[in-house]
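Novice:
Residue numbers (our numbering): 4 to 231.
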């Protein structure tokens, strides 16, 4: 919550909506699926407050993509209503780490070297199967899921995971948009309010999601100005 509330605040302001942030156990406190259980608790709380699922979008960055698509898979399995849309920033979709961008962007991304990400996987999921669809959404059945807007930085080592996931989503009939931003790194949208590239990205997310939440359409520039 404390690492992401600024980013979420800028996004909520640009969209013109309320936002709910929730806490979950970190990897040193509990292994997966404790984090997914926390995400499901947050979803159930929203529904208990009588929020209309057609007016809810799930948004996440990085490993939050795992929780987002874990929630969607569990809701679908239980034949429960799904949210209106999903927004994913620098999504982590593949615990098997098959993306070629781990090599092609190795010299550009100082944070997420493949060996370091492999260590993160082990600490996050322990002995869980890395190809299980709940921890690696890249291998999930995505049919029937809500529209998704994916954003990634062209220079981050995870960028090909977003490209692969976008292709899988399109093949499953999911309305999909992918924007890759030149010269940007992982979750650069964190710089909202400080960098025009981040404000532009937030503006695009807001413009795209507003109609899907039943809100009047606005331009990317107007949304970006609101985000700043």
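The C-beta atom is built at its ideal place from N, Cα and C for all residues, glycine as well.
Is it right to say residue 210 is buried, meaning 16 or more other beta carbons lie within 10 angstroms of its own, or is it exposed?
Specialist: buried
Novice: Should residue 65 and residue 95 be called a contact, given that it needs their Cβ atoms to be closer than 9 Å?
Specialist: yes
Novice: So, is residue 114 buried or exposed, given that buried needs 16 or more other C-beta atoms within 10 angstroms?
Specialist: Residue 114 should be labelled exposed.
Novice: Can you name, in chain order, every residue of its own chain whose Cβ lies under 6 Å from the Cβ of residue 104, other than the five neighbours on each side?
Specialist: 160, 162, 163
Novice: State the start and end residues of the unbroken beta strand (DSSP E) segment that holds residue 176.
Specialist: That residue, residue 176, is in no beta strand (DSSP E); it is neither H nor E in DSSP.
Novice: Would you call the CB atoms of residue 55 and residue 167 closer than 9 Å?
Specialist: no
Novice: Would you check if there are 3 or more beta carbon pairs closer than 8 Å linking the region 170-182 to the region 143-154?
Specialist: yes
Novice: Using the beta-carbon count (16 or more within 10 Å), is residue 126 buried or exposed?
Specialist: exposed
Novice: Is it the case that the Cβ atoms of residue 44 and residue 71 are separated by a distance below 9 Å?
Specialist: no
Novice: Do the region 10-20 and the region 215-224 touch if we need at least three Cβ pairs shorter than 8 Å?
Specialist: yes
Novice: Let me check one thing: in DSSP terms, what residues is residue 89 bridge-paired to?
Specialist: 61, 151
Novice: Output yes if chain B places a C-beta closer than 9 Å to the C-beta of residue 55; else output no.
Specialist: Here chain B cannot be found, since the structure has a single protein chain.
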